[in-house]
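Below: one structure, written as structure tokens.
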Amino acid sequence: MPGVSDSGPSTSSTETATPLGARKKVHFGSIHDAVRAGDVKQLSEIVQRGASINEVDVLHKFTPLHWAAHSGSLECLHWLLWHGADISQVTARGWTAAHISAIRGQDACMQALIINGANLAAQDDRGCTPLHLAATHGHSFTLQIMLRSGVDPSVTDKREWKPVHYAAFHGRLGCLQLLVKWGCSVEDVDYNGNLPVHLAAMEGHLHCFKFLLSRMSSASQGLKAFNDNGENVLDLAQRFFKQNILQFIRGSEYEGNDPTDQETLAFPGHVAAFKGDLEMLKKLIEDGVININERDNNGSTLMHKAAGQGHIECLQWLIKMGADNNITNKAREKPSDVAKRHCAVLGFTLMSVIHVELIFVYGMRFAHLAAVKLLEGLQKYDIDDANEINENDIRFFIRHGVEGSTDAKDDLGLSESDKTDARGLSKSCRASWSMNDYAERS
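Number 233 in numbering that gives the first Met the number 0 belongs to position 234 of the sequence shown; there are no gaps in the numbering.
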């Protein structure tokens, strides 16, 4: 934690060994040392000798309550609260004990502070509440404890950053998903006009970037939106050299948008493949108007376009006619890579669509999955869904935030048993999946 060391007891503490190897009792030199060590008995003795229960240490300007929250000394924290410790006292940076608990991810201490009336709306010298700090440091479970207490999840700091901005900037996907579930908007801007998706792009947090795009009213809107400096996500990714974001954006430009909107009408076969118009595609190729492996300005073939949209019949026909499925586009993607990428993106979309769109999107995702199987000849393919949050599953909070940045390869992965269930579902239940089934699962 900035400005706070994790040093142990001061040099005034003593600890010696007897000839038999047994250790004598440590005598702490200050109330703060006793609290850091979690020694309630010595804490009580030191207070009885006249030490103030709200004594501020010289170095960090912490009270005993701050140190209890910092070290997770729950018993000491309870003792201090029972004996009238000032729960609202702040450090030089404006932190209350609740701020410290949020920074350190001390869940039990946070719960105790809330029960004893801690003000979760208190702001530090930057305008940050404990909610902002928990989102910053990726402590999803601590964040959930505060949200359940009724705190406003959309409070702003002095830069007009909300907790969702902090989660996006620091790559805390678990916190980001939790905040969105609790009603936070992903389309609020800060004082520079930055959306959360801008912040994720400039820091290179790809999983957060994808998630934010999927939760916006329009993904293209998120890609095109400018901040007050006239920069969109592509500009920011270029300025800060975030290659993973650049590759994803450029890949989306290659395969994700309607070619007719990108002035590629000079490639009618690509338009037909993109739209799944097999009859037009057959006519163009059989009449010799186009070559079956023709590339557009982005290096994409007809198979890239069909794979990107999950048009299985077009892919089957192109393969039958001898199309090359190993050609790579400028993003160095084969048609199978395009299908896999869009399958993953639709996985995010599944979690955000309204019910009237569900059947279409779910069908699209299985179409992309089938495209991957067709192109790679796979019999099994693991579906990595962006799972809904299970608030009762502690494993979620371990994966997302408590262990640090969640921007890792396995952020959205399922367990082996979950993957087996997912494969079984895709084989046996595709035709019978109903709206009610999905509503129960979500």
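Yeah, the Cβ is synthetic: ideal placement off N, Cα and C, and Gly gets one too.
None of these values were measured; they are calculated from a predicted model.
Quiz item: Is there contact between the stretch 207-216 and the stretch 294-305, where contact requires at least three CB pairs shorter than 8 Å?
Solution: Contact between the stretch 207-216 and the stretch 294-305 is not established, with fewer than three Cβ pairs separated by less than 8 Å.
Quiz item: Between GLY229 and LYS223, what straight-line distance do the alpha-carbon atoms span, to the nearest angstrom?
Solution: Each residue's Cα considered, the two are about 11 Å apart.
Quiz item: Thinking just about the alpha-carbon of each residue, which of ILE291, GLY307 and LYS333 is nearest to the one in LYS319?
Solution: Among ILE291, GLY307 and LYS333, the Cα nearest to that of LYS319 belongs to ILE291.
Quiz prompt | Three-pair Cβ contact test at 8 Å for the stretch 179-197 versus the stretch 129-140 | solution = Segments in contact, no.
Self-check item: Beta-carbon proximity list for LYS304, same chain, < 6 Å, skipping 5 on both sides
Solution: Cβ within range, chain order: HIS269, ALA272 and PHE273.
Quiz item: Looking at the structure shown, is CYS183 part of a helix, part of a strand, or coil, going by DSSP?
Solution: Reduced to three states, the DSSP call for CYS183 is coil.
Exercise. Compare the Cα-Cα distances from VAL89 to each of ALA107, SER100, HIS65 and GLY71 and report the closest residue.
Key: Residue HIS65 is the option with its Cα nearest to VAL89.
Quiz item: Using DSSP with H/G/I as helix, E/B as strand and the rest coil, what is ASN118?
Solution: DSSP places ASN118 in coil when its eight states are reduced to three.
Self-check item: For ILE144 and GLN110, believed in contact at Cβ under 8 Å, the rounded distance
Solution: Correct: roughly 6 Å between the Cβ atoms.
Quiz item: Among residues of its own chain, excluding the 5 on either side of ILE52, which ones have a beta-carbon nearer than 7 Å to its beta-carbon?
Solution: In chain order, VAL46, PRO63, LEU79, HIS82, GLY83 and ALA84 place their CB closer than 7 Å to the CB of ILE52, counting only its own chain and leaving out the 5 sequence neighbours on each side.
Self-check item: Given ASP323 as reference, the closest of SER219, LEU205, ASP189 and PRO334 once Cα atoms are compared
Solution: For the residues SER219, LEU205, ASP189 and PRO334, the minimum Cα distance to ASP323 belongs to PRO334.
Practice problem: Have a look at ASP124 and GLY93 and give me their C-alpha separation to the nearest angstrom. | Solution: Pairing ASP124 with GLY93, the inter-Cα distance amounts to about 5 Å.
Exercise. Determine the burial state of PHE27: buried for a count of at least 16 other Cβ atoms within 10 Å of its Cβ, exposed for fewer.
Key: Result: buried.
Practice problem: From the DSSP output, in three-state form, read off MET109 for me. | Solution: MET109: helix per DSSP, three-state reduction.
Quiz item: Helix, strand or coil: which one does DSSP assign to HIS82?
Solution: Of the three classes helix, strand and coil, the one that applies to HIS82 here is coil, per DSSP.
Quiz item: How would you label VAL150, buried or exposed, when you count the other beta carbons within 10 angstroms and need 16 or more for buried?
Solution: Flag for VAL150 reads buried.
Exercise. Name the residue from ILE99, ASP156, TRP160 and VAL154 whose alpha carbon lies nearest to the alpha carbon of THR141.
Key: The option with the nearest alpha carbon to THR141 is ILE99.
Self-check item: LYS282, DSSP secondary structure in three states
Solution: LYS282 sits in a helix when the DSSP states are folded into three classes.
Practice problem: Run the CB neighbour count on ALA167, radius 10 Å, all protein chains shown included, and call it buried at 16 or more, exposed below. | Solution: Note on ALA167: 16 or more other CB atoms within 10 angstroms of its CB, so buried under the neighbour-count rule.
Practice problem: For GLY221, count neighbouring C-beta atoms within 10 Å of its own C-beta (all shown protein chains included) and say buried if the count is 16 or more, exposed if not. | Solution: By the 10 Å Cβ count, GLY221 comes out buried.
Exercise. To the nearest angstrom, report how far apart ASN243 and ILE289 are at their CA atoms.
Key: C-alpha separation (whole angstroms): 34 Å.
Quiz item: What are the boundary residues of the alpha helix (DSSP H) that VAL467 is part of?
Solution: The first residue shown for the chain is 0 and the last is 441, placing residue 467 beyond what the model contains.
Quiz item: Using CA coordinates, which residue listed in ALA36, ASP276 and GLN41 is at the minimum distance from ALA68?
Solution: When only C-alpha atoms are compared, the closest one is ALA36.
Exercise. Under 8 Å Cβ to Cβ from PHE225, same chain only, skipping five residues before and after it: list those, please.
Key: The residues are GLY192 and ASN231.
Quiz prompt | Proximity of PRO129 and ALA91 at Cβ, strictly below 7 Å | solution = In this structure, ALA91 does not lie closer than 7 Å to PRO129 by Cβ.
Exercise. Would you tell me roughly how many angstroms separate the C-alpha atoms of ALA200 and LYS24, rounded to the nearest one?
Key: Computed Cα separation, rounded: 54 Å.
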